[in-house]
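Enquirer:
Protein chains: 2
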Amino acid sequence: MKANSTILGALLASRSQATTNITNSSSAIYKDASYSASDRAADLLSRMTWTEKIGQMGGVRRLLGSDLSFNQTSYDILAEYQNGILGFGDNYNLASDVLPFANAVREQQINSTDLGIPYITLTDSLNSIYLLGGTMFPPSLSMGASFNVPLYEQVIGVIRDENVAIGTRWVLSPELDIAKEHHGGRIGEMYGEDRYLVGEFGTAYVNTMQQLDDEGYVKVACTVKHFVYGQSSGGINAASQYGGLNHIMNEQAMPFIKVVRDAQPKALMASYSAVDRVPMSVNKYLLQTVLRNTIGFDGVIMSDAGAISELHTLHAVASSSTNAALKALKAGLQLELSPGQPAMFPNLIDSANDSAVVDLVNTAVSQLLEIKFQAGVFDQPFPTAETLNATLRKTSHLEVAKNASEEAIVLLHNDGLLPLANTNSSKVAVLGPLAELLVMGSYAPNNSTQPLHGRPFLESLQSYLGSSNVDYVQGVDLTNTTDSSGISTAVLAAKEAGLAIVCLGSVSVLSEDGAAKWRTDGEFFAHPSLNFPGLQQDLLDAVLDAGVPTVLVMTGGQGFALPNSTVARTSAILHTFLAGEYTGEALVDTLYGVVNPSAKLPITLPPDSGATPIYYDYLPSDAGSYWSWPILDRANPPFKFGFGLSYTTFEFSAADVSVASGSSNVSVSVTVSNTGSVVGKEVPQVYFRQQYTTIETPNMQLIRFSKVELAPGEETTLEWTIAHEELGYWQDLEWTVETGNFTFWIGSSSREDDLQAFSVSL
Amino acid sequence: MKANSTILGALLASRSQATTNITNSSSAIYKDASYSASDRAADLLSRMTWTEKIGQMGGVRRLLGSDLSFNQTSYDILAEYQNGILGFGDNYNLASDVLPFANAVREQQINSTDLGIPYITLTDSLNSIYLLGGTMFPPSLSMGASFNVPLYEQVIGVIRDENVAIGTRWVLSPELDIAKEHHGGRIGEMYGEDRYLVGEFGTAYVNTMQQLDDEGYVKVACTVKHFVYGQSSGGINAASQYGGLNHIMNEQAMPFIKVVRDAQPKALMASYSAVDRVPMSVNKYLLQTVLRNTIGFDGVIMSDAGAISELHTLHAVASSSTNAALKALKAGLQLELSPGQPAMFPNLIDSANDSAVVDLVNTAVSQLLEIKFQAGVFDQPFPTAETLNATLRKTSHLEVAKNASEEAIVLLHNDGLLPLANTNSSKVAVLGPLAELLVMGSYAPNNSTQPLHGRPFLESLQSYLGSSNVDYVQGVDLTNTTDSSGISTAVLAAKEAGLAIVCLGSVSVLSEDGAAKWRTDGEFFAHPSLNFPGLQQDLLDAVLDAGVPTVLVMTGGQGFALPNSTVARTSAILHTFLAGEYTGEALVDTLYGVVNPSAKLPITLPPDSGATPIYYDYLPSDAGSYWSWPILDRANPPFKFGFGLSYTTFEFSAADVSVASGSSNVSVSVTVSNTGSVVGKEVPQVYFRQQYTTIETPNMQLIRFSKVELAPGEETTLEWTIAHEELGYWQDLEWTVETGNFTFWIGSSSREDDLQAFSVSL
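Just so you know, the protein sequences line up as chains R and U, in that order.
Mapping to UniProt numbering: the first sequence position 231 is 231, numbers consecutive.
Mapping to UniProt numbering: the second sequence position 157 is 157, numbers consecutive.
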C-alpha cells in the first residue's frame, strides 16, 4: 500500500505541474472530427503529460456493486492514474439501471480533466452485452456447432447494436483459441477444434462488430484473444504450454493470421500462459517477431486481467512490480487489464527519463487514442435511455436468438425414436439435474436457476405438453458423488411414463449464478474426468438397465465421454452445448420435430475419459502403426468433428475436384439433395491433405464448408475455388506451398464413411 | 520386392568388381591391434567398397526362430547388404543354445568375406541379457525406485559381464527418457520423472557397461535413447511431441547432456517421434545444432527400429524409400535398425557419385568401425560355452539381483498392520490376478505365467507360510470388464482369513509371454485410464466394504490412480513396480519384516485418472492462482516423487545450507539418525529453486540424493558441495547461471511436510 501512495503522490504532483502547460483550446486538432484519427491522436499525445499518458494504459473495470452501489473513493483514486478504459462491473445489474451511472462517469471524466479525454467502455461480449437485459445468444462453441456463418453475422450484428446502445465501443472478444484440450474449462468460449472453422467465425465476428456507422466510426472495436492459448498443462486455465513454432504457427496462430488479414481487429490480448517457459506477457519473440513482424498485426496489444502482476507473483520472472511493468512494456504490452488493484503499469511513472520506455509509451498511447477516435467516443453523444430501451431485446433480435438456439443443438444418435409424436395423452419422464437449469456459459450475465430471460427445458416441455404429462425427477445432484438415493424414484418414473428424457451435463456460469456451487466447467475450472460429474452416469445407466426408451440430452460447454454401452442402449442422444436463451424451446421443438436439427460437432467427443487429446486433424504418426489405446481407435472415434444427424436424408452427388490446365486453383463442386421427407439443413464440408510434405502435416484439414437449406426433393450445387496458396503450411516461420499430389474429401462430416475422396496434382 | 532384387543385384555386382582391389594382407593396419581404433578404422575404410560401406550401416536383428530354427535363406540375403550388426532374436531361446549358432555366424562372416569385418552383436539389455538364462533384474523404473546408484552399478556390472559372456558387445540401453507421461506404456523402461535422477542412473549404466577390460577394450558399448522422447501425444508410443527448445533443453535433453559429459556413450538412438512436426529421423536441427554442436555428442547416431521406413510410410515426409534414406542420412542418422525388411539404407547404394552422401557414409562407417575396434570384436576370441555357463546366474549375480528386488518395493501407506506377524496358525487370503504372475516388463526375456527363474508372489508366500495358510482366490480377470462373478468368493475368503493381500496391477511383457493377452502396458501400449484395468478396483472395493484388514500390492511399470477412499480404508499399500526375479521373495520378506522397505517413488502417482500431467517439479503457473481441478490439489498429491515409508523412523537434524564468503559453492549438510528400532535405509534428498529467473523455472528441482543404511540409534552426517554453475538453466540454447536468492530444501521426499527449507544468496 505504501508503494501505491508513493505512486499516487508522484502522479498528483506530476499532474499539477503539467496543468499549466496545457492549451485547452477548442480549436485543437484532436477535437476536430475532420482530421484523421491518427492526426488527432498525434496532436493529443503532444499535449499530454507523462502522467496522463500512463493513465491511458489502464482503467477501471468494476464501477458498481451488484446493488448498483458506486464506490466513489475507489473510483477517484483509480481515475487519477488508470483512466483509459471503463467497464460496467458488476455485470449482474440491468443495463437500463447502469446507463445513468455510466453516463455520469463519462461526463465527469470529460469535464473534470484538462484535456477532456473520454474513457472508452471495454467489456466482455461473448454471447450478449455484459449486463442483464440484452438478448442472450449461444456462446462461441454453440455457434461453431451451427456451422452457419451468415447466421452468426446476424447474431453479432445484434450484439453489436446492443453494445452501442449501452455505450460499449470496445469488446474483449472474439476468442480465437482452438478447442483441443478437453480438460480445460474454456472450451465453451471457443468456436471448436478446427483452425479453419475458428478463423471463419472469428473473421465474421470482427468484421460485423467493427462495421462502420453512417458517420464512419467503428461501431465496436474488437480484441482477438488469447495469443497463444488453449492447450495448457492439465487443461488448467493459466498453466503453461509447450512451444514449438511449427505447432503454434500451423495451429494456434492460424485463426489469428486469418482474422488479422481479413478483418483487422483493433486489439489483441496476450494469454496468461507461459509458452515454452516464457510467459506471454514478456514473450517478446512471439509478440514482436511472430505477431508483429510475421503475422503483421498492427493494433493494440493488451494483457489478460492481472497477467502483468503475475509475472512477479506467480511466474517469478520479474523481481518486483516495477520490473514486471517494464518487462511487459518492453515485450510489447500496451494496455493493462487489471480488475484487481494495484495495477502494474502505474509503476512506469518513474521511468519518465528512460527514452526507450518513453518511446514505447508514446506508441502505445497513440494507438490507444486512435481506437477512441475511430470509435467516436470523442465525438458522438452519450447513449440515451430511449435508444437503449428501443434496442435491447427488440423482436428482430429475439428472432435471431431463437434461430441461433435452434441451429446449435446437435443430434448425435437416433434409432428412430425421434422426432417424438406429440399426443396429449403421452407421458414423459424428465430426469437429471440439467433439466431445471438454463446454462449459458461463464461469460453470460444470466442466472441458470432463475433466468431473467429464457426458460429451462423442463418449463418449456411442461408448457408444450401440459404439466400433467411431464413427470420430473431430478434423480441425482449435479456433482454429489455419494447420494444415489434418488435414482430408484427416477427409474420408477421412467418406467411409468415409458419414455425418459435424461438431462445430464456440467455447469459453467459466473460466480453470482445460482448454480455456481455446481461448477466444474468455465474459466478457472478444469475437469480431470470427462465423464458426467457426480453420479449422473449412474442415473442414466439405471434407466437404461430398466429398458425404458431413453433420450439423452447433454448440456455444457464441453465434450463428454460416452461409453459404447451407453450409446448402444440409448434411443437418441443430443448435445445442446450452451444453446442460448431459447435452449428450452429449441430443444422441445427439436425433440418433437418442429425444428429439424442441423448442427454439427465443433469438437470430437472423446470415446473414453482418458482418450485425449483427440481431434479429427491428428498427425499421421499420432494414430500410426506403433500405437494403441486398448480397444479404442484414435483415428475413428464414433462422434467426430463435423458430424451431426438430421430428420431428413441428404445425398451428395456429382462431386468433382479438378485443376484446370495451367491453373493453380482447385475447383470443387458437389450437388446436395434432400432425399427425405422434411425440410432440413446440411453442412457440406471439404477437407484436404497433401500426400508428402517437408514436415509432418495433419491427416486431413477442413478447407471449406457451407450450410444449405433444402426442401424435400430439392437439390443445390455448391462450387468452391481453392487457391494452391491456401494449401501450404508454416515451416520455421515461412509459409510453404509445395507442388505435388493432394487428396480432397467432400462430405457431411470428417468421418471416413461420410466422405468421398478425390486426387489432384498441383 | 522388385526394388530389393535390384538393390541386391547392384550390391552383388559392386562387390564382385571390388574384390580384385582388396589387399587381404595380414599386415594391414586394421588387423593390427597395436594401432588405435581410429587408425584401424581409417585403414579399413580405405579398403572398403561402396557396397561394403553401406552394408556396415545396417544389420540382422533376428537370426533364429523361437525353436532355434535358422533362416539361412533370409540370412544370406541380408548378410549381403546388412552386415554391420547382429542380434540374437528370437530372444526366448536359451543363451546356451544360441551361442553355437551365434559363433558359427560370426565365424562365417569373418571367413567368407574379403576383409573379414566381423559383425558386432547389438541387443536390448534393459534388465538382463536379451536371451533366456541370464540373471533377471528389475528394469529401470524399479531401479530408479531404489534411489541406490552404487547398487545399480553392481546390477549393471552383472548384466555387462553376462553380455560379454554371450558375445554382446553393444547394447540398446540405457533409456534416458523422462517418465512424465503417465498414459504412455514405456514408463517401466525409464528411471523416473526427474531429470537429475535419470541422469545419475544413466551415467552409472554407461560408465559401468563401457568399462574397459584388462586389454583396454570396451566391455559393452552403450546406446543412449531416445533423443527426444517420453511426452508423446496421448501417451501413444511413436506419437508426436510438442517442441519448445527451453522445455526440451531443461527437461528431456538434460539426462543426455549429463551422460554425454560424464560417460561418453558410444551411440545414441533418435526417437520415433515427430518433435514440433519434424520426425526425429530427419530432424537435422535437433540432431546437429542441438545434439552435436550444443550438447557435444560425438558417437554414432542410429535410428529406432523401422523409423527411417516410416518417414515414407507414416509421417509422409519422404516421397520414397530412397528419399527417406537420403533425408535420414543427411539429418545425421548413421546406422539403421530395421528388424523388418526391406531396410532403407541399402537404397543409398545408388548415390555412390553424390559426394555429400559419400562423405556422410564414410564418416558413419568410420565411427561404426571404431566401435567394433574399441569393443575388441576384431581381436578377441569368440565367447565359449564354458565361460558362458560359468558366468550366467552365478551366485554372486543372484545375490545382487535379490538385493535389487528388495530395494525396489515402495511402501506407500501403513496404518501399523505391517510388518505382519509370522505365526504358523495365521491364515492369509491372497486375492487378485497379479499374485500369480511374475511381471518383469516388456524388455525382459521371461514368462510371467511360468517363469524360468523366479517365482510369483503367491508361490513365494505359500512356501513361506505353508500352502495351507494361504487361500488364493483370483476374484477377477486382469482385464475383463464384465465378469464380476468371482468377487463374492474372494470376499468370503478374505473374511474367513481376517486378512487380505490384494494384488492388482497391469501387465507389460513381450508378445511371446503367457500373459501377453492381458497387456495394457509396455511398448506399443498406452492406457487412457490410470485406474487398474478391468474390474480389479471393484474387487478391492468389495474387500474393503467387507471391513477386512487389507494390504494392497500394486504391480506394473506405471503409476495407478488410487481414490482417496481406497487409501483411507486400506491398512497398507505397496507398489512393487517391476521388481525383478526375486519380486515374490522380496515382497514376502517385506510384508513380514525380514526386509525393511527402503524404496522411494520414482514417479508421482496421479490422484485421479484424469489428473495428469502430474509431477513434483511443475512450473509455478501450472498450479497457480487461476487454476483448479475440482477437489484435487495439483501441487500436493498424496503420493509424490521421492516418497516412501520404512519400518523404522529417521530424523533429519543439524541441517545446514551455506555459502562461504567469496565462494560460489553451496555447502549442504544434514545428520540423519535412525530413531526407530530396526535397521533401515533412508534417502536424504536435496532440492533447490532460484527465487527469480529470466524464464519460468520449476517450483523445485532435485539436485542431490544419497542412500544410507543405519542401525537403530545410529546416525550419519551427509555433506554435499553444489557449484553455482549447476543451478542454471537453458535459455535459447545457452546455459544461464544467475546470481540471486536460492531456496534449498532437505528431507526425505519432495512433499512439503517432509522438507526443511533454507535460503542463500549467490
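Glycine included, every Cβ here is placed at the ideal spot set by N, Cα and C.
Keep in mind that this is a model prediction, so the values were computed, not measured.
Roughly how many angstroms lie between the CA atoms of residue 626 (chain U) and residue 426 (chain U), to the nearest whole one?
Expert: Translated into the one-based positions of the second sequence, residue 626 (chain U) becomes position 626. Translated into the one-based positions of the second sequence, residue 426 (chain U) becomes position 426. The pLDDT assigned to residue 626 (chain U) is 43, lower than 50, so where the model puts this residue is not dependable; a value taken from the coordinates is nonetheless given after this. For residue 626 (chain U) and residue 426 (chain U), the distance between alpha carbons rounds to 53 angstroms.
Enquirer: May I ask you to verify whether the segment 526-537 of chain U touches the segment 558-566 of chain U, counting CB pairs closer than 8 angstroms and requiring at least 3?
Expert: The segment 526-537 of chain U, when compared against the segment 558-566 of chain U, does touch it at the 8 angstroms Cβ threshold.
Enquirer: Taking DSSP as the reference, what is the three-state secondary structure of residue 22 (chain R)?
Expert: The residue given as residue 22 (chain R) occupies position 22 in the first sequence. With a pLDDT of only 38 at residue 22 (chain R), under the threshold of 50, the placement of this residue in the model should not be trusted, and no figure is reported.
Enquirer: Alpha carbon to alpha carbon, what distance is there between residue 553 (chain R) and residue 469 (chain R)?
Expert: Taking the first residue of the first sequence as position 1, residue 469 (chain R) is located at position 469. Taking the first residue of the first sequence as position 1, residue 553 (chain R) is located at position 553. Looking at the two C-alpha atoms, the distance is approximately 19 angstroms.
Enquirer: Give the residues of chain U in contact with residue 278 (chain R), contact being defined as C-beta atoms less than 8 angstroms apart.
Expert: Along the first sequence, one-based indexing puts residue 278 (chain R) at 278. The answer, in chain order, is 246, 695 and 696.
Enquirer: For the segment 578-652 of chain R, list the alpha helix (DSSP H) runs that are entirely contained and at least 4 residues long, ordered along the chain.
Expert: You should have 583-591.
Enquirer: Would you decide whether residue 404 (chain R) is buried or exposed? Buried here means 16 or more other CB atoms lie within 10 Å of its CB.
Expert: Taking the first residue of the first sequence as 1, we reach residue 404 (chain R) at position 404. Classification of residue 404 (chain R): buried, given that the 10 Å Cβ count is 16 or more.
Enquirer: Between which two residues does the alpha helix (DSSP H) holding residue 397 (chain R) run?
Expert: Position 397 of the first sequence, counted from the first residue, corresponds to residue 397 (chain R). Unbroken alpha helix (DSSP H) run through residue 397 (chain R): 395-406.
Enquirer: Select from U:134, U:508 and U:174 the residue whose C-alpha is nearest the C-alpha of residue 162 (chain U).
Expert: Against the second sequence, residue 162 (chain U) aligns to sequence position 162. Closest by alpha carbon: U:134.
Enquirer: Assess, as a yes-or-no matter, whether the segment 61-72 of chain U is touched by the segment 480-489 of chain U under the definition of 3 or more beta carbon pairs within less than 8 angstroms.
Expert: Short answer: they don't touch.
Enquirer: Which residues, taken in chain order from the segment 324-355 of chain R, show a beta carbon closer than 7 angstroms to some beta carbon of chain U?
Expert: The residues in question: there are none.
Enquirer: By Cβ distance, which residues of its chain are closer than 8 angstroms to residue 567 (chain R), with the 5 residues on each side in sequence left out?
Expert: To locate residue 567 (chain R), count along the first sequence from 1; it is residue 567. Hits under 8 angstroms: 413, 573 and 638.
Enquirer: Where do the N-terminal and C-terminal ends of the alpha helix (DSSP H) with residue 205 (chain U) fall, by residue?
Expert: For the purposes of this step, residue 205 (chain U) is taken as the residue at position 205 of the second sequence. Note, residue 205 (chain U): alpha helix (DSSP H), 195-209.
Enquirer: Do you know how far the Cα of residue 195 (chain U) is from the Cα of residue 295 (chain U)?
Expert: As a working mapping, residue 295 (chain U) is identified with position 295 in the second sequence. As a working mapping, residue 195 (chain U) is identified with position 195 in the second sequence. C-alpha separation (whole angstroms): 16 angstroms.
Enquirer: Take residue 5 (chain U) and list the residues in its own chain whose beta-carbon comes closer than 8 angstroms to its own, dropping the five residues that flank it on each side.
Expert: Along the second sequence, one-based indexing puts residue 5 (chain U) at 5. Confidence at residue 5 (chain U) is low in this model, with a pLDDT of 38, below 50, so the placement of that residue should be treated as unreliable; the coordinate-derived value is given next. Excluding positions up to five away in sequence, the list is empty.
Enquirer: Please tell me whether residue 530 (chain R) has its Cβ less than 8 angstroms away from any Cβ of chain U.
Expert: Residue 530 (chain R) sits at position 530 when you count from the first residue of the first sequence. Yes, contact with chain U.
Enquirer: Listed in chain order, which residues of the segment 588-620 of chain U have Cβ atoms closer than 8 angstroms to some Cβ of chain R?
Expert: Against chain R - using a Cβ distance shorter than 8 angstroms - the residues of the segment 588-620 of chain U are 608, 609, 610, 611, 612, 613, 614, 618, 619 and 620.
Enquirer: In the DSSP assignment, the beta strand (DSSP E) including residue 85 (chain R) goes from what residue to what residue?
Expert: In the first sequence, counting from the first residue as 1, residue 85 (chain R) sits at position 85. Residues 85-89.
Enquirer: Take residue 107 (chain R) as the anchor and find which of R:197, R:351 and R:118 has the nearest alpha-carbon.
Expert: To locate residue 107 (chain R), count along the first sequence from 1; it is residue 107. The candidate whose alpha carbon is nearest that of residue 107 (chain R) is R:118.
Enquirer: Which of the three DSSP states is assigned to residue 152 (chain R) in this structure?
Expert: Along the first sequence, one-based indexing puts residue 152 (chain R) at 152. Residue 152 (chain R): helix per DSSP, three-state reduction.
Enquirer: Could you check the C-alpha separation between residue 452 (chain R) and residue 584 (chain R) for me, to the nearest Å?
Expert: Reading the first sequence from its first residue, position 452 is the one you call residue 452 (chain R). Reading the first sequence from its first residue, position 584 is the one you call residue 584 (chain R). One C-alpha to the other measures close to 14 angstroms.
Enquirer: Keeping to the same chain, check which residues put their C-beta closer than 7 angstroms to that of residue 203 (chain R); ignore five residues upstream and five downstream.
Expert: Numbered from its first residue, the first sequence carries residue 203 (chain R) at position 203. Within the same chain, residue 203 (chain R) has close Cβ partners 258, 259, 262 and 263.
Enquirer: Identify every run of the alpha helix (DSSP H) within the segment 511-581 of chain R, keeping only runs that are complete inside it and at least 4 residues long; order them along the chain.
Expert: For the segment 511-581 of chain R, whole alpha helix (DSSP H) runs of length 4 or above, ordered along the chain, are 536-545 and 564-569.
Enquirer: Would you mind working out which of U:645, U:689 and U:740 sits nearest residue 410 (chain U), comparing C-alpha positions?
Expert: In the second sequence, residue 410 (chain U) corresponds to position 410, counting from 1. Comparing Cα positions, the closest option is U:645.
Enquirer: Of all the residues that make up the segment 226-238 of chain U, which are near chain R by a beta-carbon distance shorter than 7 angstroms?
Expert: Result list: 233, 234, 236, 237 and 238.
Enquirer: Using a C-beta cutoff of 8 angstroms, does residue 691 (chain U) count as contacting chain R?
Expert: By 1-based counting over the second sequence, the position of residue 691 (chain U) is 691. So yes, residue 691 (chain U) belongs to the interface.
Enquirer: Can residue 339 (chain R) and residue 305 (chain R) be called in contact, C-beta distance under 8 angstroms?
Expert: Translated into the one-based positions of the first sequence, residue 339 (chain R) becomes position 339. Translated into the one-based positions of the first sequence, residue 305 (chain R) becomes position 305. It is a contact, given that the beta carbons lie within the stated cut-off.
Enquirer: Can you pull the DSSP bridge partners for residue 279 (chain U)?
Expert: On the second sequence, position 279 is the one that residue 279 (chain U) refers to. According to DSSP, which records beta bridges pairwise, residue 279 (chain U) is partnered with U:274.
Enquirer: Show which residues of chain U have a CB atom less than 8 angstroms away from the CB atom of residue 634 (chain R).
Expert: What you label residue 634 (chain R) is simply residue 634 of the first sequence in a count that begins at 1. Here the neighbours are 234 and 236.
Enquirer: By DSSP, does residue 220 (chain U) sit in helix, in strand, or in coil?
Expert: By 1-based counting over the second sequence, the position of residue 220 (chain U) is 220. DSSP places residue 220 (chain U) in coil when its eight states are reduced to three.
Enquirer: If I measure Cβ to Cβ from residue 524 (chain U) and keep anything under 6 angstroms in the same chain, skipping five residues before and after, which residues do I get?
Expert: Residue 524 (chain U) sits at position 524 when you count from the first residue of the second sequence. The residues are 237.
Enquirer: My guess is that residue 115 (chain R) and residue 193 (chain R) are in contact by the Cβ rule of under 8 angstroms, so how many angstroms apart are they, rounded?
Expert: What you label residue 115 (chain R) is simply residue 115 of the first sequence in a count that begins at 1. What you label residue 193 (chain R) is simply residue 193 of the first sequence in a count that begins at 1. Residue 115 (chain R) to residue 193 (chain R), Cβ: 47 angstroms. No contact.
Enquirer: On a CA-only basis, which of R:592, R:246, R:348 and R:505 is nearest residue 438 (chain R)? Give me that one, please.
Expert: By one-based count along the first sequence, residue 438 (chain R) stands at place 438. When each option's Cα is compared against that of residue 438 (chain R), the closest is R:505.
Enquirer: Taking 8 angstroms as the threshold (beta carbon to beta carbon), is residue 737 (chain R) in contact with chain U?
Expert: Working through the first sequence from its first residue, we reach residue 737 (chain R) at position 737. It does not: the Cβ of residue 737 (chain R) has no partner Cβ on chain U nearer than 8 angstroms.
Enquirer: For the alpha helix (DSSP H) holding residue 459 (chain U), just list the boundary residues, first then last.
Expert: Taking the second sequence and counting its residues from 1, one reaches residue 459 (chain U) at position 459. That run of the alpha helix (DSSP H) goes 457-465.
Enquirer: Assess, as a yes-or-no matter, whether the segment 179-189 of chain U is touched by the segment 588-600 of chain U under the definition of 3 or more beta carbon pairs within less than 8 angstroms.
Expert: No, because fewer than three Cβ pairs between the segment 588-600 of chain U and the segment 179-189 of chain U fall closer than 8 angstroms, the two stretches do not touch.
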